[in-house]
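Scroll down for the structure; my scribbles are underneath it.
Residue numbers (our numbering): 1252 to 1835.
Below, the structure written as structure tokens:
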């Protein structure tokens, strides 16, 4: 079927009648799309970054829950077992596929929100921005969105009682879970900050040190919060006595939260970003305040005008990097859509993307300084991603985060809620640089009630014959990782390959081509240097892609978890059992 669509696209591109009447192509394409009737998924699927979170999702699907119930269970379980990557004190983006009389896509923006008292000079002391203030402690924290998102998913889209979907996470928090090597490694990167906060040290360390591998970590206070959330819904976190404890705890430690901040926090349901590909498939991805969806769409739009598919490894990398360079440059135009109106229609127009593609030299790198200037930016890398598909074709791809490892490393005393340091994703100093050599644009400047820009970009690719989900943590590298996985999918490779594809990255500034060890051999690296690239090898693997593929013609489902992580993907075709798709 996909081959038929590609042939039709090729014929139409050279047919004068279709060029004169472009709507004819759409009519022909839609007619062809009905030739094959879609079969529902023959299995349900879950792919997450942690085995216990995957099991939580499987448990809820087996109990009769749908993809949205499973997403609640997975998010809550990750809040327990991955305190370094996500939690109730964080936020994120949920991309939804809802089935019914028609298929509907929605995007839940549960991004953290700046406290209303925040100002552009929040971290300026003596005329200079103090970076540590946006990294560690209560002043670094935005108003969390995950609790509100879980309520939204459960109450508006779920099939099971909200409290039931939280049971696996509550059990994990009360009974504990074994510390693994990933926990130990990531705690080591934030050990000083965790030690500086007595409550975080009590909960996440043992006698001031990192717990031994296999140590059973219990979080009874977090279990109680989850229990309350299940019983009371939104008010169990954002109102009443518990909310007062949150606000008092933050303010007593030097933060600026108020009850009004919690009262006014709401998940925003947005229209996803849609972008039609030339072969009849459609990209459905994250809109602002994500910059990731736009970067992926623009990169694909430019690549469609370049011969990347038949190019060798060096030539293909050159084409991909040059599209990324141009797409990341446009990030400076984006911000919270409640504050900044981005020209998305223009940035995704065929004429604009053709103009960008035309500036790409087929042989030589374009120095970023030769492109029109844009402000540099930064973003925390340490996030998590999961995806789930149910038997009705409902699907969720969600990327959720605390920003840096263990967020702000500040836990509100007596609550078990570790808070984010998402305020660091704003442009605290739009004139200067930061520890990553990145800075921000005025569109992403700090303002009370504003949501910071993000690269998180849960993504679907769908056509009449297939459906695929993509997503990964990784800060500014998220769009490039998703793009490389999508290109693997577009070439017909299996899902296990999408998550394992070697990675490289360019983000306009700094003007450096980063790559994982093993991505290029010595000859290829020499060729890239000759083409004008400054190269930087990333010493450790990065990212943690989780994907699902549904072949609508056969009903066959694939799921895969990144071999770089410890995640597990599960296929469920009998409520009593789950079949491992791959476990790493």
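A virtual CB, placed ideally from N, CA and C, is assigned to each residue, including glycine.
None of these values were measured; they are calculated from a predicted model.
{"Query": "Distance between residue 1561 and residue 1295 (C-alpha atoms, nearest Å)", "Result": "35 Å"}
{"Query": "Enclosing alpha helix (DSSP H) for residue 1305 [first to last residue]", "Result": "1302–1313"}
{"Query": "Sequence ranges, beta strand (DSSP E) only - wholly within the stretch 1638–1705, length at least 3", "Result": "1646–1654"}
{"Query": "Whole-number beta carbon distance between residue 1423 and residue 1332, since they are thought to touch under 8 Å", "Result": "6 Å"}
{"Query": "Bridge partners - residue 1457, DSSP secondary structure assignment", "Result": "1460"}
{"Query": "Residue 1735 versus residue 1383 - alpha carbon distance", "Result": "34 Å"}
{"Query": "DSSP three-state assignment for residue 1360, whether helix, strand or coil", "Result": "strand"}
{"Query": "Residue range of the unbroken beta strand (DSSP E) whose run includes residue 1526", "Result": "1524–1527"}
{"Query": "Distance, residue 1531 Cα to residue 1282 Cα", "Result": "Because the pLDDT of residue 1282 is 47, which lies under 50, any placement of that residue in the model is unreliable, and the number read from its coordinates should be weighed accordingly. Each residue's alpha carbon lies about 12 Å from the other."}
{"Query": "Sequence-distant residues of its chain with Cβ nearer than 6 Å to residue 1311 (five each side left out)", "Result": "1320, 1321, 1324, 1416"}
{"Query": "Cβ-Cβ distance between residue 1421 and residue 1477 below 7 Å", "Result": "yes"}
{"Query": "The beta strand (DSSP E) enclosing residue 1720, as first and last residue numbers", "Result": "1717–1721"}
{"Query": "Alpha carbon of residue 1662 to alpha carbon of residue 1573, nearest angstrom", "Result": "42 Å"}
{"Query": "Spatially closest choice to residue 1570 from 1602, 1610, 1587, by CA coordinates", "Result": "1610"}
{"Query": "Chain-order list of residues whose beta-carbon lies under 7 Å from that of residue 1748 (same chain, five-residue window excluded)", "Result": "1739"}
{"Query": "Segment contact flag, the stretch 1365–1377 with the stretch 1423–1439, C-beta cutoff 8 Å, min 3 pairs", "Result": "no"}
{"Query": "Residues sharing a beta bridge with residue 1467, DSSP", "Result": "1429"}
{"Query": "Pick from 1449, 1758, 1648, 1721 that is closest to residue 1360, judged by C-alpha positions", "Result": "1648"}
{"Query": "Beta-carbon contacts of residue 1555 that lie in its chain and below 6 Å, excluding the five residues immediately before and after", "Result": "1529"}
{"Query": "Cβ separation of residue 1526 and residue 1552, assumed to be a contact under 8 Å, to the nearest whole Å", "Result": "7 Å"}
{"Query": "Whole-angstrom distance between residue 1743 and residue 1689, CA atom to CA atom", "Result": "For residue 1689, the predicted model reports a pLDDT of 35, less than 50, meaning its position is unreliable; a value from the coordinates is still stated below. Each residue's Cα considered, the two are about 36 Å apart."}
{"Query": "Buried versus exposed call for residue 1208 [16 or more other C-beta atoms within 10 Å across all chains shown]", "Result": "Any property of residue 1208 remains undetermined from this structure, which presents the chain solely from 1252 to 1835."}
{"Query": "Residues of its chain near residue 1270, where Cβ-Cβ distance is below 6 Å and the 5 sequence neighbours each way are ignored", "Result": "Note that residue 1270 scores a pLDDT of 47, beneath 50, so its modelled location is shaky; the value from the coordinates is reported in the next line. Counting only Cβ-Cβ distances below 6 Å, and skipping sequence neighbours, we find nothing."}
{"Query": "Distance, residue 1293 Cα to residue 1717 Cα", "Result": "13 Å"}
{"Query": "Cβ shell of residue 1450 (< 7 Å), same chain only, five flanking positions each side left out", "Result": "1662, 1664"}
{"Query": "Residue 1343 beta carbon less than 7 Å from that of residue 1365", "Result": "no"}
{"Query": "Segment limits, beta strand (DSSP E) that includes residue 1343", "Result": "1342–1349"}
{"Query": "Nearest neighbour of residue 1304, chosen from 1819, 1787, 1461, 1314 [CA to CA]", "Result": "1819"}
{"Query": "With 16 other Cβ atoms within 10 Å as the buried cut-off, status of residue 1823", "Result": "buried"}
{"Query": "Whole-angstrom C-beta distance between residue 1387 and residue 1672, which should lie under 8 Å", "Result": "7 Å"}
{"Query": "Status (buried if at least 16 other CB within 10 Å, exposed otherwise) for residue 1731", "Result": "buried"}
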